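Asker: Going by full-length UniProt numbering, the sequence shown opens with residue 1, and the numbers climb by one from there.
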Amino acid sequence: MSLAGQYLVLQLLIVLAVLVAVVAISLAQSAAAFERTEGRRALSAAEALGNNPTVRALLPTAEPRGGSALPAVAESVRTVSGSAHVALAKLDGTVITASDPGLIGRPLPLGESRVMEGRAWTGVLNGSNGAVLSAHVPVIDDSGNMIGIASISRNYPSTLERLGDAVPNLLTYLGVASILGVAGSLLLSRRVKRQTLGMEPREITGLVENREAMLQGLKEGVVALDPHERITVANQSARQLLGLPADCVGKKLRSLHVDPALKTVLTREQSDPDQLVLVGERLVVMNRVALHSHGRDIGSVTTLRDRTELSSLESELGATRTVTDTLRAQAHEFANQLHVISGLIQIGEYDSVVQFVNGATVDRTRLSDDVTSRIEDPALAALLIAKASLAAERGVELQLDPQSALPRVDEELSRDVTTVVGNLVDNAFDAVTGRAGALVRVLVVDSHDGVTVTVRDNGPGVPSGATEEIFRQGFSTKDPGPGDARGFGLALSRVICRRSGGGLTFSNDNGAVFTARFRKADPGPADPGRTGAGNTGPGKAGATGPGTTGPGATGPATKDRNSNKGATQP
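(1) Considering just the uninterrupted stretch of the beta strand (DSSP E) at residue 299, what are its terminal residues?
(2) I'd like to know whether the C-beta atoms of residue 175 and residue 11 end up nearer to each other than 9 Å.
(3) Just tell me which of 57, 392, 368, 393 has its CA closest to the CA of residue 381.
(4) Between the segment 17 to 34 and the segment 47 to 65, do three or more beta carbon pairs fall short of 8 Å?
(5) Please state the DSSP three-state secondary structure of residue 540.
(6) Along the chain, where does the beta strand (DSSP E) containing residue 505 start, and where does it finish?
(7) Is it true that the segment 447 to 460 meets the segment 426 to 435, where meeting means three or more beta-carbon pairs spaced less than 8 Å apart?
(8) Residues in its own chain within less than 6 Å of residue 232 by CB, not counting five upstream and five downstream?
(9) In angstroms, rounded to a whole number, what distance separates the CA positions of residue 302 and residue 394?
(10) Counting only the same chain and skipping the five closest in sequence on each side, list residues whose C-beta sits under 6 Å from that of residue 377.
(11) Go ahead and pull the three-state DSSP assignment for residue 474.
(12) Which stretch, first to last residue, makes up the beta strand (DSSP E) that contains residue 90?
(13) In this structure, does DSSP put residue 416 in helix, strand or coil?
(14) With a 10 Å radius around its C-beta and 16 neighbouring C-beta atoms as the bar for buried, classify residue 101 as buried or exposed.
(15) Hey, residue 342 and residue 375: beta-carbon distance below 9 Å or not?
(16) Looking only at C-alpha atoms, which of 61, 400, 207 sits nearest to residue 94?
(17) Which word fits residue 8, buried or exposed, when buried means at least 16 other C-beta atoms lie within 10 angstroms of its C-beta?
(18) Near residue 507, which residues of its chain fall below 6 Å by C-beta distance, leaving aside the five closest residues on each side in sequence?
(19) Measuring CB to CB, does residue 55 end up less than 9 Å from residue 88?
(20) Decide if residue 443 is buried, meaning its Cβ has at least 16 other Cβ atoms within 10 Å, or exposed.
(21) With a Cβ-Cβ cutoff of 9 Å, do residue 122 and residue 42 count as a contact?
(22) Could you have a look at residue 19 and say whether DSSP puts it in helix, strand or coil?
(23) In three-state DSSP terms, what is residue 147?
(24) For residue 206 and residue 167, what's the separation of their Cα atoms in angstroms?
(25) Quick one, are the C-beta atoms of residue 494 and residue 450 less than 9 Å apart?
(26) Return the CA-CA distance between residue 510 and residue 350, expressed in angstroms with no decimal places.
(27) Suppose the cutoff is 7 Å on Cβ atoms and the five residues either side in sequence are ignored; what does the same chain contact list for residue 77 look like?
(28) Return the residue from the list 189, 385, 379 that minimises the CA-CA distance to residue 371.
(29) Are residue 98 and residue 154 touching if we call contact CB-CB under 9 Å?
(30) Ignore the nearest five residues each way along the sequence and tell me which others in residue 219's own chain have a CB closer than 7 Å to its CB.
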């Protein structure tokens with residue numbers, strides 16, 4: 001049924017209910033009016049009968065059917081008053097005369113009458129022929145004594161009779177109400193349809209159900225606000241990403257204790273798409289669009305995408321690219337050295353060739369051995385060796401603290417440590433590049449429950465006013481990069497540290513000092529196929545095969561391993 005049809009049926013049902021109520025009220029009012037009006041008339045006729053001199057004189061000695069005077073007087077009063085029934089009874093209630101012959105000689109029906117107390121009474125009595133409205137009056141002699149009862153009754157109209165009297169008016173009421181109801185339902189239906197874009201209720205219900213299913217099924221978060229910063233829509237993904245309670249819809253942002261930086265992104269105009277925001281330990285991409293309807297601001301909608309894992313992969317890829325670029329630079333350097341060797345051979349300087357090769361080999365071996373002897377994790381060791389070459393190109397001294405020590409760790413922890421160290425070392429290079437005596441020092445410490453990395457530089461440090469902002473997304477002391485993409489290295493590094501149960505802290509001590517802590521995962525069952533740092537394959541720390549650069553290796557590559565017990569100096 002259409003919306004107009006539903007409204008029409010509803011209006012007609014209301015009209016019908018009102019009509020039934022009106023009928024009931026009309027019947028009750030007509031009964032009350034009949035009892036009030038006809039009761040007065042019956043009481044007046046009964047008083048006239050009781051005060052008649054003939055009745056007062058003959059009633060005390062009269063006998064049922066014993067004369068014609070009392071019946072004549074009683075019938076005369078009944079006829080004149082237009083009543084239906086009349087009766088005269090003695091003091092003991094015996095009927096002397098009555099319009100109903102069946103009552104003569106029998107007790108007069110009194111019901112709840114109080115006439116025996118010497119008081120007049122009117123009320124309804126149920127007789128053999130139906131209900132009647134009766135009036136009872138005491139008959140008093142000249143001495144003031146009660147000598148009998150005078151009764152006048154009128155037939156009580158039935159419900160059908162009273163309804164028949166009210167039908168003309170009720171039909172009028174029904175017609176007027178039906179016309180008004182139909183017109184009202186049509187007007188209301190048109191107004192509602194305009195407000196609902198012409199959709200029927202079932203269509204609106206289906207639209208709402210589809211909307212809810214779509215919003216809750218999206219992996220991306222969706223948050224809508226009205227102009228008063230009240231949340232109107234928040235799907236499950238958005239509540240999980242932003243840490244909003246399940247009953248957040250309908251509440252204002254300020255009542256939900258939302259982080260000020262997040263509130264700014266949700267409520268202010270966004271000039272560029274894909275704005276990165278750090279929410280707790282997750283990096284979220286947010287896009288805010290203002291909503292307008294008929295030139296009126298109706299709020300905004302913001303979409304959210306979790307980019308934490310993607311950003312981690314980007315950082316890892318960046319670290320790998322840095323290593324690759326550094327290795328390419330080293331390859332170029334080795335090519336130059338080969339050219340030198342080739343030239344020395346061509347000119348016959350064989351002793352110089354041997355001296356040059358030994359010097360290059362010792363320097364390179366010293367660097368590699370000093371790192372790998374302390375850092376047994378291959379990924380981090382390779383990163384530090386590559387960064388050392390990069391530091392040399394940028395005029396920066398990179399030192400590995402002699403107290404550093406790290407065995408081989410699991411793949412996930414190795415990836416996290418390498419990503420964070422790469423970010424921190426790159427930041428340190430940027431801070432000291434171009435300064436005299438530029439120095440970056442790295443300390444890696446292993447413990448039973450985690451790994452701690454400290455990166456220290458002798459640069460200007462972080463301004464004191466920015467100590468609270470250093471880990472905020474988008475904050476950077478460098479010049480903006482392409483697309484304003486700076487300011488997320490430290491924020492992402494802290495996310496990675498916190499994800500493992502650790503943290504990233506900062507201090508100024510003759511330069512910037514960053515300390516990253518990583519918690520190790522609970523060790524699982526022992527893997528028989530893995531022996532850690534004691535593996536004996538080629539290239540492993542502690543191995544004895546050819547090409548080994550770790551502790552215990554043999555050959556010229558280890559000749560001066562212990563000659564540099566200090567920090568690595570490229």
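All C-beta atoms, glycine included, are put in the ideal place defined by N, C-alpha and C. Quantities reported herein were computed from a predicted structural model and do not represent experimental measurements.
Answerer: In short:
(1) If you look at residue 299, you'll find it in the beta strand (DSSP E) that goes 296 to 306.
(2) Taking 9 Å as the cut-off, the beta carbon of residue 175 is found no closer than this to the beta carbon of residue 11.
(3) The residue among 57, 392, 368, 393 with its C-alpha nearest the C-alpha of residue 381 is 368.
(4) No, the segment 17 to 34 is not in contact with the segment 47 to 65.
(5) Because residue 540 sits at a pLDDT of 35, beneath the cut-off of 50, its placement in the model cannot be relied upon, and the point is left open.
(6) In this chain, the beta strand (DSSP E) harbouring residue 505 covers 503 to 508.
(7) The answer is yes - the segment 426 to 435 touches the segment 447 to 460, with three or more Cβ pairs under 8 Å.
(8) Around residue 232: 224, 226.
(9) Using only the alpha carbons, I get a separation of about 43 Å.
(10) Closer than 6 Å at Cβ, skipping near neighbours: 406, 408, 409, 414.
(11) At residue 474 the pLDDT is 48, less than 50, meaning the model places this residue with poor confidence; the figure from the coordinates comes in the next sentence. Three-state result, residue 474: coil.
(12) Here the beta strand (DSSP E) through residue 90 covers 85 to 90.
(13) Residue 416 carries a helical assignment under DSSP once its states are collapsed to helix, strand and coil.
(14) It counts as exposed.
(15) No; because the gap between Cβ atoms is not below 9 Å, this pair is not in contact.
(16) Of the candidates 61, 400, 207, the one whose C-alpha sits nearest the C-alpha of residue 94 is 61.
(17) Counting other Cβ atoms within 10 Å of its Cβ, residue 8 reaches 16 or more and is therefore classed as buried.
(18) Listed in chain order, the non-local C-beta contacts of residue 507 below 6 Å within the same chain comprise 513, local neighbours out to five positions each way being set aside.
(19) Their beta carbons are under 9 Å apart, which means residue 55 touches residue 88 by this criterion.
(20) So residue 443 ends up on the buried side.
(21) A contact, by the Cβ cut-off of 9 Å.
(22) In the structure shown, residue 19 falls within a helical segment according to DSSP collapsed to helix, strand and coil.
(23) Strand, per DSSP.
(24) Separation of residue 206 and residue 167 (C-alpha to C-alpha, rounded to the nearest whole angstrom) is 46 Å.
(25) Not in contact: residue 494 and residue 450 (Cβ atoms no closer than 9 Å).
(26) Whole-angstrom Cα-Cα distance: 49 Å.
(27) Excluding sequence neighbours, residue 77 sits near 45, 48, 49, 86.
(28) The option with the nearest alpha carbon to residue 371 is 385.
(29) Contact flag unset, no.
(30) Hits under 7 Å: 237.
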